[in-house]
Ligand SMILES: [Zn+2]
């Protein structure tokens with residue numbers, strides 16, 4: 264009650280100010296960040312640093328058809344293009360420059376624990392029920408960081424599908440868990456780089472086709488052996504710790520999805 268009264272007073276005061284002052288009064292509270300990460304400057308082509316890297320992690324799902332956004336802390340053309348797609352997808356001015364408008368949208372989409380709004384650590388860290396991100400080839404911290412990157416791509420995919428819920432059946436798997444479920448020996452699931460998806464409102468083929476636009480270099484779905492009940496997506500091209508080449512592998516023959524699309 265008391266807070267409301269104070270707010271009303273503040274609004275009345277703002278309305279009494281000349282135009283320019285009103286703009287600054289209205290704009291100021293919007294730049295409120297959260298417990299995860301706060302950007303301190305506007306970023307654009309040529310910028311570099313950890314703040315660019317943090318941005319890249321969050322917009323990598325907007326890499327465009329067949330593309331990836333390298334998480335290298337350098338704001339190059341692929342970062343600018345992904346920022347533009349992100350801005351368009353959320354109805355912001357699409358200029359490829361990451362300023363307050365873009366950051367505020369990211370804060371909105373971001374939980375205090377750095378996961379995007381619609382995905383959580385517990386969802387990706389099943390490990391056959393054990394959890395904790397350990398027991399794979401990478402450290403628990405590295406695995407968890409990969410899972411965060413996977414989740415931001417999933418958040419983009421979800422938006423790209425028209426804000427449709429996506430279920431993750433399997434995310435990170437320890438080596439023991441991967442053996443137990445009969446996963447591939449060097450599966451991207453071991454690295455926190457993969458997710459097996461279903462949706463109640465979209466077909467598996469719709470998931471597989473849309474995934475091509477959201478930074479996933481690995482897509483396996485209907486028509487690929489063992490993938491008739493889910494779509495597997497991963498980031499194998501960005502994985503320098505596995506034993507496979509950093510290429511793109513798409514195979515969902517029943518959906519018209521194959522490498523070279
Ligand atoms: Zn999988």
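Numbering (the working numbering), first residue to last: 264 to 524.
Heads up, the beta-carbon is just placed ideally off N, CA and C, and yes, glycines get one too.
- Message: Quick check for students: name the residue ranges of the alpha helix (DSSP H) that lie wholly in the segment 340–404, counting only runs of 4 or more.
- Response: 340–352, 363–372, 384–387
- Message: Is any non-hydrogen atom of ligand 1 found closer than 6 Å to the C-beta of residue 459, if you look at the structure I gave you?
- Response: yes
- Straight-line Cα distance separating residue 305 from residue 286: Low local confidence applies: a pLDDT of 42 at residue 286 is under 50, so the model's placement there is unreliable, and no value is given.
- Does ligand 2 have a heavy atom nearer than 6 Å to the CB of residue 381? No copy of ligand 2 occurs in the structure displayed; its ligands are ligand 1 alone.
- Item | CA nearest to the CA of residue 515, picked from 466, 497, 490, 405 | 490
- Task: For residue 461, write down the residues that DSSP places opposite it in a beta bridge.
- Result: 430
- Query: Which residues bound the beta strand (DSSP E) around residue 515?
  - Reply: Going by DSSP, residue 515 is part of the beta strand (DSSP E) stretching over 512–515.
- CB of residue 495 to nearest heavy atom of ligand 1: below 6 Å? yes
- Message: To the nearest angstrom, how far is the alpha carbon of residue 506 from that of residue 488?
- Response: 21 Å
- Item | N- and C-terminal bounds of the beta strand (DSSP E) containing residue 494 | 494–497
- State the CB to CB distance for the pair residue 420 and residue 474, rounded to an integer number of angstroms; the pair is presumed to be in contact (CB under 8 Å). With 8 Å as the limit, residue 420 and residue 474 qualify as a contact, their Cβ atoms being about 6 Å apart.
- Where the beta strand (DSSP E) containing residue 482 begins and where it ends: 481–483
- Message: Quick check: the Cα distance between residue 413 and residue 435, rounded to an integer number of angstroms?
- Response: 10 Å
- Look at the alpha carbon of residue 377 and the alpha carbon of residue 484, and state the distance between them as a whole number of angstroms. 29 Å
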